[in-house]
Amino acid sequence: MTKEKHSPGKAAEKEPTARTTKEKKRGQEKKRKSNSLEHDEAKKNKVKKEEDEYEDKKEESEKKAKQAEEEADKWKWWEEGKHAENGQKWRSLEHKGPLFPPEYEPLPSSVSFLYNGTPVILRPATEEVATFYAKMLDHEFTTKEVFQNNFFTDWKEVMTETERQLISDLSQCDFSNIHKYFVEKTEEKRNMTKEEKQVLKEEANKLTEEYGYCLLDGHREKIGNFRVEPPGLFRGRGEHPKMGKLKKRVQPEDVIINCSKDVKIPEPPPGHRWKKVQHDNTVTWLASWVENIHGHIKYIMLNPSSKLKGEKDWQKYETARKLKLSVDSIRSEYQSAWTSCEMKQRQYGVALYFIDKLALRAGNEKDDDTADTVGCCSLRVEHINLHRHLDSLDYVVEFDFLGKDSIRYYNKVPVEKQVYKNLKLFMNSKNPDDDLFDRISTTYLNKKLNEAMPGLTAKVFRTFNASTTLQEQLNQLTTDDMTLPEKILAYNRANRAVAILCNHQRAAPKTFEKSMQLLQEKIKKKQEEVEKAKKELKQAKKEHKQLPSEVSKKLVQKMEKTVKRLLEQLKKLQLLETDRNENKVIALGTSKLNYLDPRISVACKKGGVETGFPL
DNA sequence: CAGGGGACTTGCAACTAGAATC
DNA sequence: GATTCTAGTTGCAAGTCCCCTG
C-alpha cells in the first residue's frame with residue numbers, strides 16, 4: 001500500500017521499458033482483458049480498494065507516514081536493481097496455493113478392460129493407470145518398446161497382488177474399450193451446445209479468477225501455472241530411457257508453499273496439510289513439489305506478463321546489448337586463443353567461436369537417464385566431420401548431432417584454417433564417443449566470459465546474435481517505399497532467418513502434405529488456365545493479323561490482360577508454396593518469444609508492420 | 001574443484017479458439 | 001452454418017547457470 005503512494009512518478013519513468021518487455025509475449029493478456037469485462041471490473045475494484053485503503057492509511061498517524069516514506073525508499077532501490085543485490089525478490093506475497101487436478105473418476109461398468117480376451121475388473125488405482133495408457137493408444141509412443149516396458153513395470157507396482165498374478169503380459173492386455181470410451185467422451189464434448197460450452201467456460205474462468213492470480217508487493221499478478229500437474233505417463237522427447245513411466249499424483253503433503261509471513265496462508269484441500277509453509281523472499285516461486293520421474297523440483301511461478309518476470313526479461317536484452325559493445329574485443333580474444341600453446345585455451349577459443357558463430361547452446365553435462373543430446377561443450381568426436389574441400393569450399397566442418405529436445409542439428413560450415421587445424425588436433429587419437437572439448441566445461445567457459453564482461457554467459461550470445469540477425473535482416477530486406485505486405489513478408493523472412501540460426505524446428509504440421517497437395521493442385525489448375533489463355537491469345541492475335549478489326553483488336557487486348565492477371569495469380573500461388581515449404585519445419589514462435597529484442601519489433605510496428613508481437 | 005541441488009529460462013507438442021473457406 | 005485451417009495459448013520437458021558442500 002505504501003508503495004502505491006510513491007510509485008506513480010517512478011512508474012511513469014519506467015513505463016516505456018516495462019511496457020515493451022512485459023507485454024512482449026502476451027497477446028493473450030490483452031485478449032483476455034477484452035474478453036473478460038468482468039475481470040476488468042474486478043481489477044478496477046481491486047485498484048479502487050487499494051486506493052481506498054490508501055486513503056485510510058493516509059489518515060493514520062504521522063509515524064505511519066514516515067514508515068511509508070522509508071518503504072518507498074526501499075521500493076526505489078528495488079526499481080534500480082539494488083534490491084536484487086541481497087537477493088530479495090519481493091516484500092509481500094499472498095496467494096491461494098495451487099489448484100489440484102480432480103480425483104480419479106472410475107470408468108462406468110460397461111467399459112471393460114480385457115485380459116486374454118476376458119473382462120477383468122481392476123481396482124480404481126490400477127484402472128486409473130490403465131486409462132493413462134488407453135488414452136495414448138493411437139500415439140506412436142505406445143508402439144515403442146521402452147515406453148511399453150516402463151509403463152508395464154510401473155503399472156504392475158500399482159496393482160494388487162491378485163491383479164499382478166493375473167496380468168503378466170502387456171501384449172495380452174486389451175485397452176481398446178477404454179480407448180473407445182474416451183474417444184466418445186471427447187466427441188460428446190465437441191458436440192455440446194453453445195450454452196453448455198459457455199457454462200463450462202465460465203466455470204473455468206471462475207477457477208482462474210480464484211487461483212490464477214496472486215498479490216505480489218500489493219499488485220495483482222497473473223500466475224503462470226497455477227495447476228498442479230496431473231498424473232499420467234511420462235512423455236520424454238527423443239529416445240528417452242524413462243518414457244512411459246508413471247508420473248504419480250501429487251498430494252498436498254508433497255507441496256511446499258512459499259508466501260509472506262503476515263498474510264493469509266493458503267488452505268490445503270480438506271483433510272490434507274502442506275508439506276511445509278516457508279517465507280523465503282529470495283525466490284520467486286509460490287509453491288513447489290518434487291516430481292517422481294527424475295526427482296526434480298517443479299514450481300508454481302508467475303506469468304511472463306508479471307513485473308517480476310518482465311524486469312528479468314528486460315535485463316536479458318540489456319545484457320545482450322552490452323555484449324554488442326564488447327563483442328569485438330571478446331572475438332579477437334578468443335581468436336588469439338586458437339594459437340595458444342595451451343590445449344585448454346585452444347579448446348576454449350574454438351568452443352566459444354562455435355557458440356558465437358553458430359549460436360550453439362553451452363552444452364552442460366547431462367545425467368545418463370535422459371535422452372542423449374549435446375550442446376557445444378558436450379560435443380563428441382562423432383558429431384563432426386572435417387572436409388578439406390567440400391562443395392567448392394575450403395575447411396568445412398559438418399555438424400550432425402541431436403541438441404535440446406532431440407532436435408537434429410545438421411550444418412556444413414566453412415571455418416578459418418586455424419579452427420580447422422585445431423579441430424583436427426582435438427580429434428587426434430580419440431574415439432568417436434570421446435568429448436571433442438575434453439579440457440573445458442561450461443562452468444569454465446562461463447567463468448571466462450564473466451571475466452570478459454560482467455553478467456556474460458554462453459546463452460547471452462544466442463540472444464545477442466538473434467537480435468543482431470533480426471536487425472541486420474530487416475535492414476537488408478526493407479526499403480522505405482515497400483508496400484505493407486512486402487514489409488510484413490520481410491519481417492517474417494527476418495524472423496525466419498533467426499529461427500534458422502537458432503535451429504528452432506518443429507514437426508511438419510500433420511496436415512502439411514494434404515494442404516500442400518491441395519495447393520499444388522491449385523497451381524496446376526492455374527497453369528492450365530494460363531496455357532489455355534495463352535493459346536487463346538495466340539489464336540486471337542492470328543485472327544487479328546488475318547482480318548484486323550476493332551473487335552479483334554479488343555479481343556487481343558482482353559486476352560493479353562487475362563494472361564497477365566493469371567500469371568500474377570500463378571506467381572502468388574507459387575510464392576505461397578515456397579513460403580510454406582520454407583516454413584515446413586521452422587518454428588518461429590520460440591525466437592519471437594525468447595530471443596528477439598521487442599524494441600526492434602516495436603519499431604517495425606510503428607512502421608505499420610504486424611509483427612505478431614502483442615504490443 | 002567435482003558433483004549435485006535449486007531456481008529459473010527455453011522449447012516443442014498438443015490443445016483451442018477464432019478466421020477462412022466451402 | 002458447418003467444416004477446415006491457422007495462429008495463439010498452455011503444458012510440461014529440457015535446457016542454463018549459480019550456489020553449496022565436502
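Going by full-length UniProt numbering, the first sequence opens with residue 1, and the numbers climb by one from there.
A virtual CB, placed ideally from N, CA and C, is assigned to each residue, including glycine.
Buried or exposed (CB count within 10 angstroms, at least 16 for buried), residue i
| i | result |
| --- | --- |
| Y334 | buried |
| T578 | exposed |
| C377 | buried |
| E128 | buried |
| T478 | buried |
| P454 | exposed |
| L576 | exposed |
| Y595 | buried |
| D597 | buried |
| E188 | exposed |
| N492 | buried |
| Y410 | exposed |
Check whether residue i and residue j have beta carbons under 9 angstroms apart
| i | j | result |
| --- | --- | --- |
| L555 | A540 | yes |
| L99 | R227 | yes |
| M159 | T126 | yes |
| A587 | Q505 | yes |
| T282 | G363 | no |
| F354 | P231 | no |
| D217 | S92 | yes |
| T463 | K316 | yes |
| I265 | I257 | yes |
| F141 | L246 | no |
Inter-residue Cα distance where the pair is residue i and residue j
| i | j | result |
| --- | --- | --- |
| L501 | H139 | 31 angstroms |
| T319 | V350 | 23 angstroms |
| K357 | Q345 | 18 angstroms |
| D40 | G589 | With a pLDDT of only 35 at D40, under 50, the local geometry of the prediction cannot be trusted, and no value is derived from it. |
| K525 | K561 | 18 angstroms |
| D313 | T457 | 15 angstroms |
| L593 | E451 | 29 angstroms |
| V415 | V397 | 7 angstroms |
| K89 | R599 | 25 angstroms |
| R439 | E342 | 10 angstroms |
| L402 | F182 | 35 angstroms |
| I407 | R237 | 9 angstroms |
| D262 | Q278 | 12 angstroms |
| Y420 | M516 | 41 angstroms |
| residue 632 | S591 | The structure shown does not extend to residue 632, since the chain is modelled only from 1 through 615, so no value can be given for it. |
| R273 | K197 | 34 angstroms |
| G212 | P101 | 14 angstroms |
| N530 | E521 | The amino acid occupying residue 530 in the given sequence is Val; Asn does not appear at that position. Cα to Cα, the separation comes out at about 14 angstroms. |
| G224 | L423 | 44 angstroms |
| E528 | Q569 | 12 angstroms |
| N150 | D169 | 13 angstroms |
From the options, residue whose alpha carbon lies closest to that of residue i
| i | options | result |
| --- | --- | --- |
| A494 | L519, L575, S601, Q88 | S601 |
| S260 | H95, K514, V228 | H95 |
| V368 | K242, P106, E521, G232 | Note that residue 368 is Asp in the sequence shown, not Val. The shortest Cα separation from D368 among K242, P106, E521, G232 belongs to K242. |
| Q165 | D400, Y115, P231 | Y115 |
| Q574 | P548, K545, Q557, L518 | L518 |
| L470 | K459, A490, L484 | A490 |
| E103 | Q546, P269, N492, Q315 | P269 |
| K156 | R123, V277, F512 | R123 |
| T118 | L137, Q172, T162 | Q172 |
| R331 | Y348, S467, L215 | Y348 |
| D154 | N292, K417, L445 | N292 |
| D394 | K185, V413, H219 | V413 |
| N583 | I265, A508, A603 | A508 |
| L302 | L352, H219, K275 | H219 |
| K417 | E209, L386, F175 | L386 |
| K144 | G244, V199, N503, K487 | G244 |
Residues near residue i in its chain [Cβ-Cβ closer than 8 angstroms; skip 5 each side]
| i | result |
| --- | --- |
| K404 | R361, T373, G375 |
| K537 | Note that residue 537 is Leu in the sequence shown, not Lys. Once the five neighbours on either side are set aside, the close Cβ partners of L537 are V556, M559, E560, T562, V563. |
| K552 | Position check: residue 552 holds Ser in this sequence, whereas Lys was assumed. Here the set comprises A540, E543, H544. |
| L107 | E127, T131, I178, Y181 |
| I297 | S288, W289, V290, E291 |
Residues near residue i by beta carbon distance below 7 angstroms, same chain, minus five either side
| i | result |
| --- | --- |
| E382 | P432, D433 |
| V460 | T319, A320, L323 |
| S329 | none |
| residue 625 | In the structure as shown, the chain begins at 1 and stops at 615. Residue 625 is therefore absent and cannot be evaluated. |
Contacting residues, own chain, Cβ-Cβ under 6 angstroms from residue i (five flanking each side not counted)
| i | result |
| --- | --- |
| I523 | L573 |
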